[in-house]
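Following numbering that gives the first Met the number 0, the numbering of the sequence shown begins with 0 at its first residue and continues without gaps. All C-beta atoms, glycine included, are put in the ideal place defined by N, C-alpha and C.
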Amino acid sequence: MTKHVIDKPKDRSDIKAREYMRLEREEGPHRAVRRLHARSLGARGATRLRQFLRIERGHEA
């Protein structure tokens, strides 16, 4: 007896993707993301932050 035309194995790509994402989440953030969070603002970033805070307090000029 031969197989029917529509008798094909199910596509498991959704299960594979779900397992891949689970493993990635368990490992934690990517190394590049950790590096970006750890890097300092530098002189320009500190100045921008100071200006944003000044505007937030209501000092426009």
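Cβ neighbours of residue i in the same chain (closer than 6 Å, five flanking residues each side left out)
| i | result |
| --- | --- |
| Arg53 | none |
Distance cut-off 8 Å: residue i Cβ against heavy atoms of the ligand SAM
| i | result |
| --- | --- |
| Leu52 | No copy of the ligand SAM appears in this structure; indeed no ligand is present at all. |
CB of residue i within 9 Å of CB of residue j, strictly
| i | j | result |
| --- | --- | --- |
| Leu40 | Leu48 | yes |
| Gly27 | Arg33 | yes |
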